[in-house]
Amino acid sequence: MGKIRITKQFSFETGHALYGYDGKCRNVHGHSYKLSVTVIGTPISDTSNVKLGMVIDFGDLKKIVKEEIVDRFDHATVFNKNTPHIELAKELMNRNHQVILADYQPTSENMVIDFAAKIKARLPENIRLYALKLQETETSYAEWFAADNL
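Per our numbering, the sequence shown runs over residues 199 to 348.
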């Protein structure tokens, strides 16, 4: 049996600010992100397996992505941990807001790299992450492909 790619889509709301940026995005603002996760594998051929014919159960993929990405980033504000916004971040945390202090500038490009590492670490060994698409706005997105990152 051949390799098959399957994709599951997710959405979440996240705020961020780009430290040192020379445009409007240096200010705290938010996006309605859409994340498409594509994995590749061979459908299960064992007739005794309840997941016969599946590459991975969509529910299992959903669990991984929700735990690693959606539940952490949804309605959170992401700052570069080296930002001068650190005082604002601390104030938000003191008021029980969900804040993520990232090791990177929270652009779509860097977020999709981070997401790829988190998802890959949780996939079963017979399933590979094929691609991610992180859509920040209706017309702007970043993509990550395994083939580009060997």
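Even for Gly, the Cβ is constructed at its ideal location relative to N, Cα and C.
Cβ contact annotation for Y328 (same chain, cutoff 7 Å, sequence separation greater than five): R203, T236, V237, I238 and A344, in chain order. By the CB criterion at 7 Å, K232 and S246 fall outside the cutoff.
Where G228 is concerned, the enclosing beta strand (DSSP E) starts and stops at H227 to G239. With fewer than 16 other Cβ atoms inside 10 Å of its own Cβ, Q207 counts as exposed.
In the three-state scheme derived from DSSP, where H, G and I count as helix and E and B as strand, L290 is classed as helix. Contact annotation, S234 with T205: C-beta distance approximately 5 Å; criterion of less than 8 Å satisfied.
Residue V276 holds the alpha-carbon nearest to the alpha-carbon of M291 among V276, D255, E336 and E211.
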